[in-house]
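Engineer:
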C-alpha cells in the first residue's frame, strides 16, 4: 500500500513540476499505457503453464482484443 501511494505521489509531483501543458498529458498517458499493459499482459504468463482452463479464455480474449483494435482503425 505504501509503495502504491509513494509511486502515485511521485508521478503526480514529477509531472506537475517538470512538465507543462500538452507535454504533461503525453507523459501521464504513456505512464497509464505502461500500467495498463502490465495489468492485462500479466495473465498471459499463466498461458506458459499450459493449463487449458486458463489458456483457452486468455487466447480467445487476446485474439478478440486484436480484432477489436483492427476494427477500430478500419
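Numbering (our numbering), first residue to last: 606 to 679.
Note that CB positions come from ideal geometry on N, CA and C, so glycine has one too.
From a predicted model like this one, the values you see are computed outputs, not experimental measurements.
(1) Which two residues bound the contiguous alpha helix (DSSP H) that contains residue 627?
(2) Using three-state DSSP, classify residue 618 as helix, strand or coil.
(3) Beta carbon of residue 642, beta carbon of residue 667: below 8 Å?
(4) Give me the Cβ distance between residue 624 and residue 616, rounded to the nearest whole Å; I'm assuming they're in contact under 8 Å.
(5) Can you tell me whether residue 587 is helix, strand or coil according to DSSP?
Structural biologist: Let me lay it out:
(1) For residue 627, the enclosing alpha helix (DSSP H) begins and ends at 626–646.
(2) The answer is helix: DSSP assigns residue 618 an H, G or I state.
(3) no
(4) The C-beta distance from residue 624 to residue 616 rounds to 11 Å, too long to fall under 8 Å, and the pair is not in contact.
(5) The requested residue 587 is not part of the displayed model; the chain covers only 606 to 679.
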